[in-house]
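Start counting the sequence shown at 1; every next residue gets the next number (our numbering). Here a beta-carbon is modelled for each residue, glycine too, at the ideal position from N, C-alpha and C. If you're wondering where the values come from, they're calculated on a predicted model, not measured in any experiment.
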Amino acid sequence: MSIWDDYKTSVRTRINVKQDRLLLTERQWKLKHYVKLNEKCGKYLWVNAYCPNQELYLWDEEVRKMTDEELATYRAEEKEKRVARQKAFLQQQKVKKEEELLQLRREITQDIIKNTFTAQNFDSGIEYDEIVIDTETTGLNADTDELLQVSIIDSQGNTLFNSYIKPLFTENWDGAMAVNHITPEMVANAPNIIEVKQEINKIINSANVIVGYNTDFDLSFLSAVGIENSKATVIDVMQDFADIYGEWSDKYGCNKWQKLTKCAEYYGYDWENDTAHDSLADCRATLYCYKKMKEQKELES
1 MSIWDDYKTS
11 VRTRINVKQD
21 RLLLTERQWK
31 LKHYVKLNEK
41 CGKYLWVNAY
51 CPNQELYLWD
61 EEVRKMTDEE
71 LATYRAEEKE
81 KRVARQKAFL
91 QQQKVKKEEE
101 LLQLRREITQ
111 DIIKNTFTAQ
121 NFDSGIEYDE
131 IVIDTETTGL
141 NADTDELLQV
151 SIIDSQGNTL
161 FNSYIKPLFT
171 ENWDGAMAVN
181 HITPEMVANA
191 PNIIEVKQEI
201 NKIINSANVI
211 VGYNTDFDLS
221 FLSAVGIENS
231 KATVIDVMQD
241 FADIYGEWSD
251 KYGCNKWQKL
261 TKCAEYYGYD
271 WENDTAHDSL
281 ADCRATLYCY
291 KKMKEQKELE
301 S
């Protein structure tokens, strides 16, 4: 018969321990230099009703004093663990400091980039009624992620700008790469944003209307490096198409945003040799859908 036969609960806090008894975890007993009598001793219990982990608990009659050899081994193991924890802590501190320095460099560099070749620095002398933009990026946060590709076309589909962009800080973007298929090797010899900012800014600031698919996303990444046109009218085909497609979301209380591929399919767009998530291909698809939506509105009016 086991002492545990009298305790059916699996939660430690539900066991009432008398004053002359001890019920501790195996770790707590080892700190007192005790070990379990054999492998059959003890029972795994939840520390409390809310604890996600179990611990091996032992009554005082299930343990014995460590032998001198066991105590020496235990102390050596504990020392090794302390040294490992200290090394891990120092490594974490080192990484944290390096990340803080990198972030400081990033902020300083971004501040310099943002204030170089801004809109007031030039007058391009060119005007576009409408342009379509699209970008590919290393992630979704314009404050911490970077541009990988920028594409701009005019309302006739002519390419005004299209280039991969080599990130200044980011070396890997596995999550984004699974979507846009842009690898570090593909941008290794591409210009960085500093080298192409002036050219992009001239085009953006020469437009009366800026069209895109999830346009706010693209503009937020451009704005992060100081490329802005506050005077232009911004059209988001994604938001307009959401109401046309009409898939309601009870969660958000509005029509769901649809992917560009869904919008292109709806209007019968032929990608031909283009691939979605290449920003130039996405520009062309967006322009096509935008024109189809305009035609639809004209017919309805």
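Taking contact to mean at least 3 C-beta pairs separated by less than 8 Å, is the stretch 141-153 in contact with the stretch 163-176?
-> Yes, they touch.
Between the CA atoms of residue 250 and residue 204 - distance to the nearest angstrom = Whole-angstrom Cα-Cα distance: 37 Å.
Tell me, which residues are paired with residue 64 by DSSP?
-> Per DSSP, 35.
Who are the Cβ neighbours of residue 240 in its own chain at under 7 Å, not counting the five residues just before and after it?
-> So the qualifying residues of the chain are 293.
Pick from 139, 94, 156 and 190: whose alpha carbon is nearest that of residue 180?
-> Selected option, being the one with the closest Cα: 139.
Beta-carbon proximity list for residue 227, same chain, < 7 Å, skipping 5 on both sides | Excluding sequence neighbours, residue 227 sits near 197, 200, 201 and 204.
Looking at C-alpha atoms only, which residue of 284, 131 and 259 is the closest neighbour of residue 271?
-> Selected option, being the one with the closest Cα: 284.
Please state whether DSSP places residue 343 in a helix, a strand or coil.
-> Nothing about residue 343 can be reported from this structure: the residues present for the chain run from 1 to 301 only.
Would you check if there are 3 or more beta carbon pairs closer than 8 Å linking the stretch 30-39 to the stretch 57-73?
-> Yes, the stretch 30-39 is in contact with the stretch 57-73.
Own chain residues within Cβ distance below 8 Å of residue 233, not counting five before or after = Answer for residue 233: 208, 209 and 210, listed in chain order.
Beta-carbon spacing of residue 230, residue 142 below 7 Å | With a cutoff of 7 Å on beta-carbon distance, residue 230 and residue 142 are scored as not near each other.
Contact check, residue 213 vs residue 238 under 8 Å by CB: the rounded distance?
-> Confirmed, Cβ separation roughly 5 Å.
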